[in-house]
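Student: Here the sequence shown stands for residues -13 to 117, where the numbers follow the working numbering. For each residue, glycine too, the CB sits at the ideal point set by N, CA and C. Computed from a prediction, not measured in an experiment: that's the story for all the values here. Structure below; questions to follow.
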Amino acid sequence: MNKLKNCSGCGRLYMEIGQGMCQDCYRKEQDDEQVVYSYVRDHDKCSVQEIVDGTGVKERVVLRMLKAGRFIASGLEINYPCQGCGTPITTGKLCSKCSSDIINQADRLKAARKVQKVDRSRTMYNSYRDK
Ligand SMILES: [Zn+2]
Ligand SMILES: [Zn+2]
């Protein structure tokens, strides 16, 4: 069943048929994607910022293509910054370091609590000695 949705590109109401935006924006983005494709064909292993600067296509569009795996499918290696630390990565949202950081986060929180306890007792000891 079709339903009305707000276009992710221009915000107007449109009939959602699976493309995620209105016909106008969809057509425009398809044009943009062609521009990006021909750019990355000539500039192998470029960054998202280079694509944006080189084509004038919105970063949002380029990132959406990345997330959809468009470049990977065409065998191109595009790097973009890790959401955690900004290191250039070519797949996923985080670099391998940040993803393992997330896994270790619970452990690190526990460790941080231990350190706080130690600090408090040391402060008590110091203030006692200062008298
Ligand atoms: Zn639109
Ligand atoms: Zn990272």
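Output the boundary residues of the beta strand (DSSP E) element that contains residue 45.
Tutor: Segment 45 to 53 is the alpha helix (DSSP H) holding residue 45; no beta strand (DSSP E) there.
Student: Can you tell which of 72, 45, 4 and 8 has its C-alpha closest to the C-alpha of residue 154?
Tutor: This structure leaves residue 154 out entirely; the chain is present only between -13 and 117.
Student: When you get a sec, list the residues whose CB is within less than 6 Å of any heavy atom of ligand 1, chain order please.
Tutor: -7, -5, -4, -2, 7, 8, 10 and 11
Student: Classify residue 95 as buried or exposed, calling it buried when 16 or more other Cβ atoms lie within 10 Å of its own Cβ.
Tutor: exposed
Student: Any heavy atom of ligand 2 inside 7 Å of the beta-carbon of residue 80?
Tutor: yes
Student: With respect to 7 Å, is the separation between the Cβ of residue 83 and the closest non-hydrogen atom of ligand 2 below this value?
Tutor: The answer is yes for residue 83.
Student: Hey, could you find the ends of the alpha helix (DSSP H) residue 14 is sitting in?
Tutor: 9 to 28
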